[in-house]
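In my numbering, the protein residues as written are 360 to 474. Input: a single structure, listed below in structure tokens.
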Amino acid sequence: MVLTNFINYYQWNRAHVNHHLYKNGAIYSSDIIFTNLDSTLVNKFDVITCAAPDYNSANFDDISYDTACEVLNNRMYFVKAIAEENHVENLILGAWGAGAFGFRRTEVAKMWYQV
């Protein structure tokens, strides 16, 4: 529901597809309430929404895996800077960009570790 307030962000992102690698842009949302299905467990978290590069689609535009990895690594530093700017104490990360976007999950984990 929160992200529906950011139509301009999604319009900007669609206008800057950049061979499916996108550009550095993000939404920082604070105090988002998460609950389990029966609402017995309620937690608040801050959330950073940021598009990962889509190597699987970029590959059709002859973008090399190494180039896509450079963009992903840069995007990781961008997300880290947002977290630091907002004094985030604990940052929970996943294999962002792996799976459907075509990056190898072990490489994504290593990149996050280095960032």
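Where a beta carbon is used, it is the ideal one built from N, C-alpha and C, also for glycine.
Helix, strand or coil at Ser423 [DSSP, three-state]: Here the question's residue 423 lines up with position 64 in the sequence shown. Coil.
Range covered by the alpha helix (DSSP H) that runs through Val467: Residue mapping note: residue 467 aligns to position 108 of the sequence shown, counting from 1. From DSSP, the alpha helix (DSSP H) with Val467 extends over Arg464 to Gln473.
Same chain, Cβ closer than 8 Å to Ile476, neighbours up to 5 away in sequence not counted: What the structure shows of the chain is the stretch from 360 to 474, and residue 476 is not part of that stretch, so it cannot be assessed.
C-beta atoms of Leu332 and Pro412 nearer than 7 Å: The requested residue 332 does not occur in the structure, where the chain is confined to residues 360 to 474.
Same chain, Cβ closer than 6 Å to Ser388, neighbours up to 5 away in sequence not counted: For the purposes of this step, residue 388 is identified with residue 29 of the sequence shown, where counting begins at 1. Closer than 6 Å at Cβ, skipping near neighbours: Val361 and Val406.
DSSP bridge partner residues for Lys403 (one or two, in chain order): Sequence index remark: in the sequence shown, residue 403 carries index 44 (1-based). In the DSSP output, where bridge partners are listed per residue, Lys403 has Ile392.
Same chain, Cβ closer than 7 Å to His378, neighbours up to 5 away in sequence not counted: Within the sequence shown, residue 378 is the residue found at index 19, counting from 1. If we look at His378 and ignore the five residues flanking it on each side, its Cβ neighbours are Ala417, Asp420 and Ile422.
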